[in-house]
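Residue numbers are given in numbering that gives the first Met the number 0: position 63 of the sequence shown equals residue 62, and the series is strictly consecutive.
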Amino acid sequence: MKVKNALTWAVLLSVVAVLPAFAGDLEKPSKAEVIDEVSRFTGLAADAVGLVHEEHAALFENVNGAVFAAKAVNMIADAKDQELATELVMQGVEDGLDKLKEKFLPAAMNGFLAMAGVYKASLEIIRDYIVVPKFDESIYQAYKTSRAGDSKMDVSPEARETAFAAGVMNSASGYYLVKGKIFDDMIKARGLNKDVMGEPMVKKLERQIDDFWINRLETRYRLELLKAQKDNLKTETWKIVAKDIEAIRAAAAKPRGGQVPDVFFFSDGYLPKWFKRLADPYRPDDFK
């Protein structure tokens, strides 16, 4: 039985990658959405899963969280850029996504949620005064090259600072031209005079611009890692509720009142007691 269950799960998890992506806003899945995803994942008919849900809603308590987590992985990893991914995270957090992190969200997703929150804060500072600048590909590639050199995959703020200083803050990346343009646009939007600004204010504004770019670059870097791991992360999420899924499958397989067992009368054991079969001359031993 253990071998059979292991084989079943291997097959189920192998098809996770081809399941349709969730669409719309990142919010808690509805009952219908949960039933649909469990049906898709297990191969059970949606009606059968729905009936189990009506009779044994408690079996879906953990599954609801897993479906929400899988939905988050799918939608965030499929986001076209770091800004959209960040907005999706904020939507999910408003609907309780952050409450799942200890139990259902893989570590990589938890890390992205935290990073998106940091980026959101620095993004709002920029948005208050200017249109968010176009992403500079050369700056990102310089950052990515520096960041990818960290074999330990350190996700601390210090690691981001180090990668930024080593890969971006040099004349070759073109960062200072971009930074200078943003600085000028921000003081103009705030009605400030560059010539009379004190050094503390200049340094504060420059630091805000640096923080914005560090967090923006790191968020994109983390998003690319999520995209590469998406299928594995969804598989990891479903594995967490493997026992719950098996319980749902078992409940769906139980005959209910008025249901005829889904078997054919292959042997006498399945025949009604009142049924008397005629002897088969070619099988004389049947009735000895």
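Note that beta-carbon positions come from the ideal geometry of N, C-alpha and C, so glycine has one too.
Check	Outcome
Cβ-Cβ distance between Leu87 and Met74 below 7 Å	yes
Backbone secondary structure at Ala44 - three-state DSSP	coil
Spatial neighbours of Phe103 in its chain, beta-carbon cut-off 7 Å, leaving aside the 5 residues before and after	Gly64, Ala65, Ala68, Thr236, Ile239
At least 3 beta-carbon pairs within less than 8 Å: the stretch 111–129 vs the stretch 218–230	yes
Spatially closest choice to Glu245 from Gly42, Val177, Lys30, by CA coordinates	Gly42
Secondary structure of Lys226, DSSP reduced to three states	helix
Contact under 7 Å by Cβ, Ile138 with Ser170	no
Status (buried if at least 16 other CB within 10 Å, exposed otherwise) for Val195	exposed
Spatially closest choice to Arg146 from Ile208, Lys202, Asn214, Leu204, by CA coordinates	Asn214
Delimiting residues of the alpha helix (DSSP H) encompassing Ser145	136–147
Inter-residue CB distance, Lys27 and Gly95 (contact presumed, cutoff 8 Å)	6 Å
CA-to-CA distance, Ala252 to Lys229, given in whole angstroms	32 Å
Secondary structure of Asn109, DSSP reduced to three states	helix
Phe59 (DSSP reduced to helix, strand or coil)	helix
C-beta contact flag for Ile124 and Ala188 at 7 Å	no
Contact the stretch 43–52 vs the stretch 174–192: 3+ CB pairs below 8 Å	no
Val72 beta carbon less than 7 Å from that of Leu204	no
Phe211, DSSP secondary structure in three states	helix
Check whether Gln90 and Leu25 have beta carbons under 7 Å apart	yes
Simplified DSSP assignment, three categories, for Pro309	Since the first residue of the chain shown is 0 and the last is 287, residue 309 is not available in this structure.
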